[in-house]
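Asker: My structure is below; once you've seen it, I'll send some questions.
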Amino acid sequence: MTDHAPPQPPAIAGLPVLGWQHPPVTAGYDAQSQVLSITAGASTDWFVDPVGEYRTHNAPALVFDCPDGEFALSARVTVDFGAAFDAGVLCLRIDEEHWAKLCFEYSPQREPMVVSVVTNGASDDANGMPVEASTVHLRLLRKGAAYAFHYSLDGTYWHFARLFRLPGVGVTPAGGPTRVGFLAQSPTGDACTVTFDQISLVDGVPDDLRDGR
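What follows is the structure, given as structure tokens:
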């Protein structure tokens, strides 16, 4: 966590008003190149260990209220990997007990991979295959009452990663908004910088979530 005022949330073309869910060490947005950067400090993560008492929810995230109806948020993600579990993330958050992450993450074996975590009170943790690339495209979408995660190496063909539900669609049981956006984390390291570009928010989603579109 930082001991100074958080950076002003940027305005990103095509996205609703953004705000910080936990402040970063540093962050910036270059409007000309349309590149967002977020630096997470040491010991930052969102995770509720299903087999232990470890619980944390302090990683910096730049988020906005979910649009009504179906939507798809995607971005190309580049991570300055240094320590295990450093990651750049698309995230979905209702509250500290109900959230989900699609991560481009550094494994303990020092391999980048796509990882998904869905938390309903406790977190699950599902690793995908290692990714032999320095960047990956991530996509989070809502279809009906469900959410889906996809990843792509080229931004064109999408690999299906996860389909799940969280309580409510668009609002929490208490009536607050569900938020979605961009997160950086460094659970075991000193810091991690993540860049997001080719950011897109659209209201169309694939009919078949598994056909690569």
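Take any residue in the sequence shown, note its place counting from 1, add 212, and you have its number in the numbering used here.
Using N, Cα and C, we set each Cβ at its ideal position, and we do this for glycine too.
#1: Taking 6 Å as the limit between beta carbons, can you name the residues of its chain near Gly240, skipping five residues before and five after?
#2: Rounded to whole angstroms, what's the CA-CA distance from Met213 to His362? Just pull it up for me.
#3: DSSP state of Thr368, grouped into three classes?
#4: Residue ranges of each beta strand (DSSP E) run of no fewer than 3 residues wholly in the segment 279-340, ordered along the chain?
#5: Less than 8 Å separating the beta-carbons of Thr268 and Asp280?
#6: Between Pro324, Glu308 and Arg305, which has its C-alpha nearest Asp298's C-alpha?
#7: Answer with buried or exposed for Glu265, where buried requires no fewer than 16 other C-beta atoms within 10 angstroms of its C-beta.
#8: Between the segment 396-413 and the segment 275-291, do three or more beta carbon pairs fall short of 8 Å?
#9: Is Val392 closer than 8 Å to Phe276 when the C-beta atoms are compared?
#10: With respect to the beta strand (DSSP E) encompassing Asp241, which residues constitute its N-terminal and C-terminal limits?
#11: Restricting to runs no shorter than 3 residues, where is the beta strand (DSSP E) found entirely within the segment 242-280?
#12: With distance defined between alpha-carbon atoms, name the residue in Arg377, Asp402, Phe394 and Tyr369 nearest to Arg425.
#13: Inspect the CB distances between the segment 230-246 and the segment 348-358 and report whether three or more fall short of 8 Å.
#14: In the DSSP assignment, find the beta strand (DSSP E) that holds Ala345 and state where it starts and stops.
#15: What is the DSSP secondary structure of His234, reduced to helix, strand or coil?
#16: Could you check which residue in Ala373, Phe408 and Gln397 has the C-alpha nearest to that of Leu421?
#17: Here's a check: name, in chain order, each residue in its chain whose Cβ is nearer than 6 Å to the Cβ of Thr331, leaving out the five neighbours to either side.
#18: Express the C-alpha separation of Asp336 and Glu317 in angstroms, rounding to a whole number.
#19: Quick one: Cα of Gln244 to Cα of Pro262, how far?
#20: Counting only the same chain and skipping the five closest in sequence on each side, list residues whose C-beta sits under 6 Å from that of Asp366.
#21: So, with DSSP's three-state summary, where would you put Leu350?
Answerer: In terms of the structure at hand:
#1: Ser249
#2: Caution applies to Met213, whose pLDDT of 46 falls short of 50 and renders its modelled position unreliable; the value that the coordinates give is listed next. Those two C-alpha atoms are separated by around 30 Å.
#3: coil
#4: 283-291, 299-307, 310-318 and 324-332
#5: no
#6: Pro324
#7: exposed
#8: yes
#9: yes
#10: Rather than Asp, the amino acid found at residue 241 in this sequence is Tyr. From DSSP, the beta strand (DSSP E) with Tyr241 extends over Thr238 to Asp242.
#11: 247-253, 258-260, 267-269 and 273-277
#12: Tyr369
#13: no
#14: Segment: none, Ala345 is in no beta strand (DSSP E) and carries neither H nor E.
#15: coil
#16: Ala373
#17: Val260 and Trp311
#18: 15 Å
#19: 43 Å
#20: none
#21: strand
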